[in-house]
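Structure, as structure tokens:
Protein chains: 2
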Amino acid sequence: MAAGVLPNPSATRARILETATALFYERGVHAVGVNEIAAAAGASKLSLYRYFPSKAELVRAMLTEHSDRIHAWLARRTAAARGPERVLAVFDVLTEWFAQPGYHGCAIVNGVTDTRADPEVAAIARTHLHRYLDLLEELLADADVADPAALARQLLVLIEGASVVVTIEGTIDAGADARKAAAVLVRLASAGS
Amino acid sequence: MAAGVLPNPSATRARILETATALFYERGVHAVGVNEIAAAAGASKLSLYRYFPSKAELVRAMLTEHSDRIHAWLARRTAAARGPERVLAVFDVLTEWFAQPGYHGCAIVNGVTDTRADPEVAAIARTHLHRYLDLLEELLADADVADPAALARQLLVLIEGASVVVTIEGTIDAGADARKAAAVLVRLASAGS
DNA sequence: CTGTCACGATACCGATCGGTACTGTCACCG
DNA sequence: CGGTGACAGTACCGATCGGTATCGTGACAG
């Protein structure tokens, strides 16, 4: 990126990105203008357009960085447990995430809905889901289930569904529901092998 | 396309609503203006604002009518089967829905994301999910499972999750994954009673 | 024929959008 | 010291937004 040629990486870029992440998530990509982002970040529009060629590129950078952060956090939080409990730890961490104040859906999924026409955003989201599958497959293989890939896909559906239902219902009940369903599916797959 | 069309009071409103439904779903609430809706519906802005006090009210009317249509369709399509197969018929119908060209997520869920700040839209979406739960509970009670309400909530998570994963992946695989998971959960709940 | 009514078309309003240009002011570095 | 570059602030651009007002027309009632 352009900051690479500079002797000192700028904190301004990070500040703009952080502010944009918060505002876009809170109100949506179309409902937040670049003027507001720059003002809230304590930056000028000139600085914003120095680091991001356009609003669309800012959105893409935001989603990419956010996906990285989520999966790093998820991998770290599930590293402790072992065996079948390790898979269910994913759902525990997710439910904890859903309970955070101001949670209203996965920022990546919301971003796809906000920018329906952007194929690059769609690709970022596909990669995001694929990372979920990679983690789940690894944890399921560790739990010695029969078909890790197939079960991982079912658990992914539970994860994304829980996020949506939690957001619409306004409670975290769906997180517990998804965990219960996952526990049944994992236990059955373990016993079958 | 104005040639020879007879003015019909209720038909104009329905035409605007239908056009708005298609455009909002395709590109998002914020990306479609009232000018475009009126033009595409072959109506004037005056007519649009005669039947809908504001764009926000148009969105709410669109989502309400759409939710009604989805659940009427779902109830009709699942009326044929009996027993446990009747529950799985919901997932068959849903997968069929996901396979429709141009499908990119549930319009209700997308509408909530588009209009994060509108509590009335949020209420419409909650009612929408509640109708899913009512249908699932009825079908599960018909299948004599132990705890229809609890299992219905898990299947709801699968339904919403499948919709999201199908949309992001661009394939209908997640529909089949959700059906498989649902089959396991229902079979286990039936055997347990 | 004449009034009424729903309608499409058009022009318009203030506000805001994404994006650009310009100015002044710091900090750092020779 | 003067020079350089990143920066905030601000004015500005054309376009488009949601929403309102005006006008002309065709269908129908009396």
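Chains as they are written, first to last, in this note's numbering: chain X, 1 to 193; chain C, 194 to 386. For glycine and all other residues, C-beta sits at the position ideal for the given N, C-alpha and C.
Query	Result
Could you work out which residues of chain X lie near Ala355(C), taking near to mean beta carbons separated by less than 9 Å?	Val157, Glu160 and Gly161
From Thr21(X), Arg69(X) and Ala162(X), pick the residue whose C-alpha is nearest to that of Glu57(X); which is it?	Thr21(X)
Let's see if you can read the secondary structure: which residues bound the alpha helix (DSSP H) around Val280(C)?	Pro277 to Phe291
Anything in the stretch 335 to 349 of chain C with a Cβ closer than 8 Å to a Cβ of chain X? List those residues in chain order, please.	Ala343, Arg346, Gln347 and Leu349
Can you give me, in chain order, the residues of the stretch 212 to 233 of chain C that have a beta carbon less than 9 Å from any beta carbon in chain X?	Glu219, Arg220, Gly221, Val222, His223 and Ala224
Is it right to say Lys238(C) is buried, meaning 16 or more other beta carbons lie within 10 angstroms of its own, or is it exposed?	exposed
Glu353(C): buried (16+ other C-beta within 10 angstroms of its C-beta) or exposed?	buried
Can you list, in chain order, the residues of its chain with a C-beta nearer than 7 Å to that of Ala149(X)? Leave out the 5 residues immediately preceding and following it.	Glu137
Do Leu158(X) and Val350(C) have their CB atoms nearer than 7 Å?	yes
Quick one: what does DSSP say Ser237(C) is sitting in, helix, strand or coil?	coil
Can the beta-carbon of Val283(C) be found less than 7 Å from the beta-carbon of Val379(C)?	no
Please look up how many angstroms separate the CB atoms of Thr271(C) and Val286(C), rounded, as I've assumed it's under 8 Å.	7 Å
With distances taken between CB atoms, is the gap from Glu211(C) to Arg253(C) smaller than 7 Å?	no
Below 8 Å, how does it come out for the stretch 216 to 226 of chain C and the stretch 289 to 308 of chain C: are there three or more Cβ pairs, yes or no?	yes
Report the rounded CA-to-CA distance for Ile16(X) versus Thr127(X), giving the unit in angstroms.	24 Å
Against chain C, with Cβ distances strictly below 7 Å, would Asp92(X) count as a contact?	no
Taking 7 Å as the threshold (C-beta atoms), are Leu348(C) and Ala375(C) in contact?	yes
Using a Cβ cut-off of 7 Å, pull out every chain X residue sitting near Val252(C), in sequence order please.	Correct list: empty, because the minimum Cβ distance to chain X is about 13 Å.
Please report the straight-line C-alpha distance between Ala382(C) and Val338(C), rounded to a whole angstrom.	5 Å
Strictly below 7 Å CB to CB, what residues from chain C border Ala178(X)?	Val350
Say whether chain X places a C-beta atom closer than 7 Å to the C-beta of Ala367(C).	yes
Using DSSP with H/G/I as helix, E/B as strand and the rest coil, what is Ile172(X)?	coil
In terms of alpha-carbon separation, which member of Glu36(X), Gly42(X) and Asn35(X) lies closest to Ala11(X)?	Gly42(X)
By Cβ distance below 6 Å, which residues in the same chain neighbour Gly4(X) in space, the five residues on each side in sequence not counted?	A caution first: Gly4(X) carries a pLDDT of 33, below 50, which makes its placement in the model unreliable, though a value can still be read off. Once the five neighbours on either side are set aside, Gly4(X) has no close Cβ partner at all.
Kindly say whether Arg126(X), judged by its beta-carbon, lies nearer than 7 Å to any beta-carbon of chain C.	yes
For the stretch 279 to 305 of chain C, which residues have a CB atom closer than 9 Å to at least one CB atom of chain X, in sequence order?	His297, Gly298, Cys299, Ile301, Val302, Asn303 and Val305
Alpha helix (DSSP H) containing Gly295(C): first to last residue?	Note, Gly295(C): premise wrong, no alpha helix (DSSP H); not H, not E.
Identify the continuous alpha helix (DSSP H) that holds Arg262(C) and give its terminal residues.	Lys248 to Arg270
Please identify the residue among Phe291(C), Arg346(C) and Ile317(C) whose C-alpha is closest to the C-alpha of Glu362(C).	Phe291(C)
Looking at chain C, is there any beta carbon in it that lies within less than 7 Å of the beta carbon of Ile168(X)?	yes
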